[in-house]
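In what follows, a single structure is set out as structure tokens and then discussed.
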Ligand code: AHR
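In our numbering, the protein residues as written are 128 to 739.
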């Protein structure tokens, strides 16, 4: 039996406990969370970081037209985007058309009642228009069309809206720019930053794919750690994530070969991440590059200054007012208000390095001098500078994750806190080659219960990685999957959702009789603003467990609500069965603060009681 001790004071729980860790891995940024639908929109580089090419574009000639497309490296848009797509038109007969299409990121989703914003930069040596902009099915059915009536001889940006009148969602579509005008014959037209956006989350310009942002919002996350993870570090020092190359108009961003082997447009850059935090009500937790790259190269101590200064510039961009150099750039970029940044993490996984001591000190001292109130998070233990918050990462098999559930029970309680900035049960062991199944989710659930039980100390916890595009993973398991059509949660996602969306502000003691932890694990808490009492329980076993439960203390309502996730140990959610394992909500009766509850095999659930 379990007795929830709502009759004695518990420990305060950090309100920031559950959030997200995000980086562009598994094709989660470009072609995923970032809503841009055109692939290779600006010819920044090829898909794997090599010389730019015209991948994902195809030439269109019909009705006797003759034209060709070429990558032109002699006619740049500007000094950042130095390659353009050139359409050479030789001939257009009456009724014909010449142009090109872009296939998008594994297709282009067209949905009923949506309006799409298309834009591009273009100029021509002779042709003055018109151009036709269209969304078409791969088999050539025109879904929406718009016209640009005149084209300039110098680069200008053109924009249209496309309003398909469709009744069904489809993804096998292309975006087309073409002309049927015979006056185009003999001319060349240059294009760059060819862009197509669907309606975005909270209608942000250059924003997020709404369904993917919504599944994050559904867990009511408190913080957002970005931009990595490995993806901040660079394979080399030179190829690190550079904040200043991710800001400003998208036509001034060079893009970068990300650390997961594919190019990042950086269309989703520093400002967009911060705006995302605003839109999802998450506290930004900014990872700053700290002198170390994935090839284990460290910036020597004597050479650190410019890199440290670069972080200070970044912080000024985020928090400075309009009178500051970098703050004024943020104002220019459309965000007059400084962001409320409270947390900065120095580096990523610096426990792999031997130089963190001097690097951490350099960043810590410089940041604290200007921003004494910022909370600095360290990623390596060996430092002579005091650590306020340490970021611990856990990728282990189920039994090891469960063994780690009590890791923080006996940690010293002083002024320092813990961030578990990445964790996930990898049933095959570390790292990244395991299924996202039920037994992994239940081990995650138990590990997270251990963090919640210790959430007077553990300030932040995030599963990692957060996303994968179906079929494009560099790392498994992940919390959320998507393809061009849909997004769905893994069983672990639903654990996060249950745990995060039902949060206590105080952790309560629980007395157990008739058996200790295993296969059942639990944590109890209460939330004073709603007078709710929560009992979260996970069953890591193949037999159901019935428990007599009592709430000591104030009377609770005679009806409780349960949300329970359960399924076979190897059950998971897939593209063909995305809702195979989802939580179910029910009610149960409570008599004089007591009730029995049966926790199914391989289950995680939250029981909610309400003080009268
Ligand atoms: O989450 C995947 C990777 O695991 C992260 O990028 C890195 O920080 C860790 O090694």
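Ideal placement from N, C-alpha and C gives every residue a C-beta, glycine not left out.
Which residue's Cα is closest to the Cα of residue 691: 700, 710, 698, 318? The count along the chain shown starts at 1 and reaches residue 691 at position 564. Taking each of 700, 710, 698, 318 in turn and checking the Cα distance to residue 691, the smallest one comes out for 710.
Taking buried to mean at least 16 other C-beta atoms within 10 Å of its own C-beta, is residue 558 buried or exposed? Position 431 of the chain shown, counting from 1, holds the residue named residue 558. Exposed is the label assigned to residue 558, since fewer than 16 other Cβ atoms lie within 10 Å of its Cβ.
Is it buried or exposed, residue 283, if we count other Cβ atoms within 10 angstroms and call 16 or more buried? Taking the chain shown and counting its residues from 1, one reaches residue 283 at position 156. An exposed status is given to residue 283, since fewer than 16 other beta-carbon atoms sit within 10 Å of its beta-carbon.
What's the call for residue 281, buried or exposed, on a 16-neighbour Cβ count within 10 Å? Position 154 of the chain shown, counting from 1, holds the residue named residue 281. Label assigned to residue 281: exposed.
Should residue 417 be listed as close to the ligand AHR, given that the test is whether its C-beta is under 7 Å from any heavy atom? Here the question's residue 417 lines up with position 290 in the chain shown. Residue 417 Cβ: outside cutoff for every heavy atom of the ligand AHR.
My output table needs one value for residue 586: the three-state DSSP class, helix, strand or coil. To locate residue 586, count along the chain shown from 1; it is residue 459. Strand at residue 586.
Segment limits, alpha helix (DSSP H) that includes residue 525: The residue given as residue 525 occupies position 398 in the chain shown. Residues 525-530.
If we ignore side chains and look at the alpha-carbon of each, how far apart do residue 651 and residue 549 end up? Within the chain shown, numbered from 1, the residue matching residue 651 stands at position 524. Within the chain shown, numbered from 1, the residue matching residue 549 stands at position 422. Rounded to whole angstroms, residue 651 to residue 549 spans 24 Å at the Cα level.
When the Cα atoms are used, what is the spatial distance from residue 675 to residue 721? Residue mapping note: residue 675 aligns to position 548 of the chain shown, counting from 1. Residue mapping note: residue 721 aligns to position 594 of the chain shown, counting from 1. Looking at the two C-alpha atoms, the distance is approximately 7 Å.
I'd like to know whether the C-beta atoms of residue 596 and residue 610 end up nearer to each other than 8 Å. As a position in the chain shown, residue 596 is number 469, starting the count at 1. As a position in the chain shown, residue 610 is number 483, starting the count at 1. Contact: yes.
Please confirm whether residue 140 and residue 633 have their CB atoms less than 8 Å apart. Within the chain shown, numbered from 1, the residue matching residue 140 stands at position 13. Within the chain shown, numbered from 1, the residue matching residue 633 stands at position 506. Cβ atoms of residue 140 and residue 633: closer than 8 Å.
How big is the Cα-Cα spacing for residue 447 and residue 494? Numbered from 1 along the chain shown, position 320 holds the residue referred to as residue 447. Numbered from 1 along the chain shown, position 367 holds the residue referred to as residue 494. Take the alpha-carbon of residue 447 and the one of residue 494: they are about 14 Å apart.
Among 445, 385, 567, nearest to residue 742 - alpha-carbon criterion: Lying outside 128 to 739, the shown extent of the chain, residue 742 is not represented and no answer is given.
Would residue 301 pass as a contact of residue 228 if the rule is Cβ separation under 8 Å? Your numbering for residue 301 matches position 174 in the chain shown. Your numbering for residue 228 matches position 101 in the chain shown. Yes, the pair counts as a contact, with Cβ atoms nearer than the cut-off.
For the segment 220-288, which segments carrying the alpha helix (DSSP H) assignment without a break, of at least 4 residues, lie completely within its bounds, in sequence order? Counting only runs of 4 or more, we get nothing.
Would the segment 562-582 and the segment 519-536 be scored as touching if the rule is three or more Cβ pairs under 8 Å? Result yes; three or more Cβ-Cβ pairs closer than 8 Å.
Can you check DSSP and say which residues form a bridge with residue 187? On the chain shown, position 60 is the one that residue 187 refers to. Partner(s): 226.
Write down the C-beta distance between residue 348 and residue 146 rounded to the nearest angstrom, noting that I regard them as a contact closer than 8 Å. Start at 1 with the first residue of the chain shown, and residue 348 comes out as number 221. Start at 1 with the first residue of the chain shown, and residue 146 comes out as number 19. Yes, residue 348 and residue 146 are in contact; Cβ-Cβ is about 5 Å, under 8 Å.
In whole angstroms, what separates the C-alpha of residue 576 from that of residue 529? Translated into the one-based positions of the chain shown, residue 576 becomes position 449. Translated into the one-based positions of the chain shown, residue 529 becomes position 402. Inter-residue distance for residue 576 and residue 529 is about 10 Å (C-alpha atoms, whole angstroms).
With the cut-off set at 8 Å, would you say residue 436 and residue 161 are in Cβ contact? The sequence position of residue 436 within the chain shown is 309, counting from 1. The sequence position of residue 161 within the chain shown is 34, counting from 1. When the beta-carbon positions are compared, residue 436 and residue 161 stay at least 8 Å from each other.
Mind checking which residues open and close the alpha helix (DSSP H) that includes residue 577? The count along the chain shown starts at 1 and reaches residue 577 at position 450. In the DSSP assignment, residue 577 falls within the alpha helix (DSSP H) that extends over 565-580.
Kindly indicate the opening and closing residues of the alpha helix (DSSP H) around residue 300. The sequence position of residue 300 within the chain shown is 173, counting from 1. Boundaries around residue 300 are those of the beta strand (DSSP E), 300-306, since no alpha helix (DSSP H) includes it.
With DSSP collapsed to three states, give me the class of residue 435. Here residue 435 refers to the residue found at position 308 when the chain shown is read from its first residue. Residue 435 falls in the helix class under three-state DSSP.
Would you give the residue range spanned by the beta strand (DSSP E) that residue 218 belongs to? If you number the chain shown from 1, residue 218 lands on position 91. From DSSP, the beta strand (DSSP E) with residue 218 extends over 211-218.
Nearest to residue 176 by alpha carbon, out of 502, 366, 186, 460? Position 49 of the chain shown, counted from the start, is the residue given in the question as residue 176. Closest option to residue 176, Cα to Cα, is 366.
Reduced DSSP secondary structure (H/G/I, E/B, other) of residue 545: Counting from 1 along the chain shown, the entry for residue 545 is found at position 418. It is a strand residue.
Taking the alpha helix (DSSP H) that residue 454 falls in, what are its first and last residues? Counting from one through the chain shown, the residue named residue 454 turns up at place 327. Under the DSSP assignment, residue 454 falls in the alpha helix (DSSP H) whose first and last residues are 452-459.
Can you pull the DSSP bridge partners for residue 688? The residue given as residue 688 occupies position 561 in the chain shown. The beta-bridge partner set that DSSP reports for residue 688 consists of 714, 735.
Using only alpha-carbon positions, find the residue among 183, 155, 344 that is nearest to residue 393. Residue mapping note: residue 393 aligns to position 266 of the chain shown, counting from 1. Nearest of 183, 155, 344 to residue 393, Cα basis: 155.
Between residue 421 and residue 361, which are expected to be in contact by the criterion C-beta below 8 Å, what is the C-beta distance as a whole number of angstroms? Sequence index remark: in the chain shown, residue 421 carries index 294 (1-based). Sequence index remark: in the chain shown, residue 361 carries index 234 (1-based). Between residue 361 and residue 421 the Cβ distance is about 7 Å, and since that is below 8 Å, they are a contact.
In whole angstroms, what is the alpha-carbon distance linking residue 500 and residue 483? Position 373 of the chain shown holds residue 500. Position 356 of the chain shown holds residue 483. Approximately 22 Å, taken between the alpha carbons.
Given residue 248, which residues of its chain have a CB within under 6 Å of its CB, disregarding the five upstream and five downstream residues? Locating residue 248 in the chain shown gives position 121, counting from the first residue. Once the five neighbours on either side are set aside, the close Cβ partners of residue 248 are 204, 282, 284, 319, 320.
By DSSP, does residue 341 sit in helix, in strand, or in coil? Numbered from its first residue, the chain shown carries residue 341 at position 214. Under the three-state reduction of DSSP, residue 341 is assigned to helix.
Distance between beta carbons of residue 279 and residue 216, contact taken as under 8 Å: The residue you call residue 216 lines up with position 89 of the chain shown. The residue you call residue 279 lines up with position 152 of the chain shown. Actually they do not touch by this definition, with Cβ atoms about 17 Å apart.
Please state the DSSP three-state secondary structure of residue 672. Taking the chain shown and counting its residues from 1, one reaches residue 672 at position 545. Strand, per DSSP.
Output the distance between the C-alpha atoms of residue 130 and residue 480, rounded to the nearest integer angstrom. Sequence index remark: in the chain shown, residue 130 carries index 3 (1-based). Sequence index remark: in the chain shown, residue 480 carries index 353 (1-based). In this model, residue 130 and residue 480 are separated by some 46 Å (Cα to Cα).
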